[in-house]
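Engineer: There's a structure below that I have some questions on.
Residue numbers (the numbering used here): 256 to 378.
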């Protein structure tokens, strides 16, 4: 596979964002119908949002693989958490949900998957 240019990526993201948008809105409604989230609820949603983004990227953008796909999922996840989760948090908690915190959460999820889940799947 070849790297995707910025303009191609923008077009691809435009094609998948409505699907991601609908699924994330539903996930948030499933947690709290009033749209407000505690920090614990927001953090619990991060893996679900990551799974949604991964699923949609894999389904609609199969040409993006490997580290490029991981970077794309990380980027989209960071934007979506800032867009959907952060505004629903109490104002005092919003500053803690930074792009770096989201990236750390993604890396932690990846580490947990690689070290705990993946080895069990091989059994």
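C-beta atoms are modelled at their ideal positions from N, C-alpha and C, and glycine is treated no differently.
Along the alpha helix (DSSP H) that carries residue 299, what are the first and last residues, could you check?
Structural biologist: It spans 294-315 - the alpha helix (DSSP H) in which residue 299 sits, taken as one unbroken run.
Engineer: Could you give the distance in angstroms between the alpha-carbon of residue 316 and the alpha-carbon of residue 376?
Structural biologist: 25 Å
Engineer: Go ahead and pull the three-state DSSP assignment for residue 329.
Structural biologist: helix
Engineer: Taking 8 Å as the threshold (C-beta atoms), are residue 312 and residue 304 in contact?
Structural biologist: no
Engineer: Check each candidate in 371, 334, 342, 345 and name the one with the smallest Cα separation from residue 357.
Structural biologist: 334
Engineer: With 16 other CB atoms within 10 Å as the buried threshold, where does residue 297 fall?
Structural biologist: buried
Engineer: Using only CA atoms, which one of 340, 345, 360, 364 lies nearest to residue 281?
Structural biologist: Residue 281 has its Cα closest to that of 340, out of 340, 345, 360, 364.
Engineer: For the alpha helix (DSSP H) containing residue 198, name the first residue and the last one.
Structural biologist: The chain is shown from 256 up to 378; residue 198 falls before or after that span and cannot be answered.
Engineer: Only counting the same chain, and skipping five residues up and downstream in sequence, which positions put a Cβ closer than 6 Å to that of residue 349?
Structural biologist: 341
Engineer: Label residue 331 either buried or exposed according to how many other C-beta atoms from any shown protein chain fall within 10 Å of its C-beta, with 16 as the threshold for buried.
Structural biologist: By the 16-neighbour rule on beta-carbons within 10 angstroms, residue 331 is buried.
Engineer: Quick one: what's got a C-beta closer than 8 Å to residue 308's C-beta in the same chain, skipping five residues either side?
Structural biologist: 275, 328, 331, 332, 335
Engineer: What residues in its chain sit with their C-beta under 8 Å from that of residue 368, if we drop five residues either side in the sequence?
Structural biologist: none
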